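Residue numbers (the numbering used here): 20 to 168. Here a beta-carbon is modelled for each residue, glycine too, at the ideal position from N, C-alpha and C. No experiment lies behind these values; they were computed from the predicted model shown.
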């Protein structure tokens, strides 16, 4: 049924990797913007409006499309015959990590709405700590896919 995916496997893999790189860049950068926004920007100032614009554009123009493309081509890889051995741990570890990464993306999107509404209550320290979450997930994903434990 999905045999045609084998014909485009290398293209799917390349597009998946490109999308993941751009998605990860946003997942690293948006929380860092939140740190500075929370710690150094006065509510209602010109700088506040500039940060709101930067955060919205990063999420809407880069992160959301990248996440969607990463998922589409990731699922194409999952359904490519002969690529994944579901009896191993690595595809499950990667899958759970990708779901957690998606949750983190949604959490960031909700925090962006808080900043946009002027209702953010989290301190910069919380965003600094949360900025480590995608790094931990990235480590699990990369080791799972490369080492195939």
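In or out: residue i buried (at least 16 other Cβ within 10 Å) or exposed?
i           : result
residue 101 : exposed
residue 126 : exposed
residue 39  : buried
residue 113 : buried
residue 168 : exposed
residue 94  : exposed
residue 116 : buried
residue 136 : exposed
residue 89  : buried
residue 160 : buried
residue 21  : exposed
Report back the beta-carbon spacing between residue i and residue j to the nearest angstrom; my notes put them in contact at under 8 Å.
i           : j           : result
residue 107 : residue 31  : Not quite, the Cβ-Cβ distance comes to about 20 Å (not below 8 Å), so this is no contact.
residue 86  : residue 121 : 7 Å
residue 42  : residue 82  : 6 Å
residue 13  : residue 99  : Residue coverage of the chain in this structure runs from 20 to 168, which leaves residue 13 outside it and unanswerable.
residue 34  : residue 92  : 5 Å
residue 109 : residue 163 : 4 Å
residue 123 : residue 152 : 6 Å
Can a CB atom of chain C be found closer than 8 Å to the CB of residue i?
i           : result
residue 149 : Going by chain labels, chain C is absent from the structure shown, which holds only one protein chain.
Problem - Stretch pair the stretch 73–89 + the stretch 49–65: three plus CB contacts closer than 8 Å - result: Verdict: yes, contact present.
Handout entry: the stretch 141–148 touching the stretch 55–74, judged by at least three CB pairs closer than 8 Å
Key = With three or more CB-CB distances shorter than 8 Å, the stretch 141–148 counts as touching the stretch 55–74.
Exercise for the section: Quick one: which unbroken alpha helix (DSSP H) runs of 4-plus residues sit fully inside the stretch 101–160? Chain order, please. Expected result: Taking only runs of at least 4 residues, the alpha helix (DSSP H) segments lying wholly in the stretch 101–160 are 109–136 and 143–149.
Exercise for the section: Return the chain-ordered ranges of every alpha helix (DSSP H) run that is complete within the stretch 40–78 and spans a minimum of 4 residues. Expected result: As far as the stretch 40–78 is concerned, its whole alpha helix (DSSP H) runs of at least 4 residues are 65–76.
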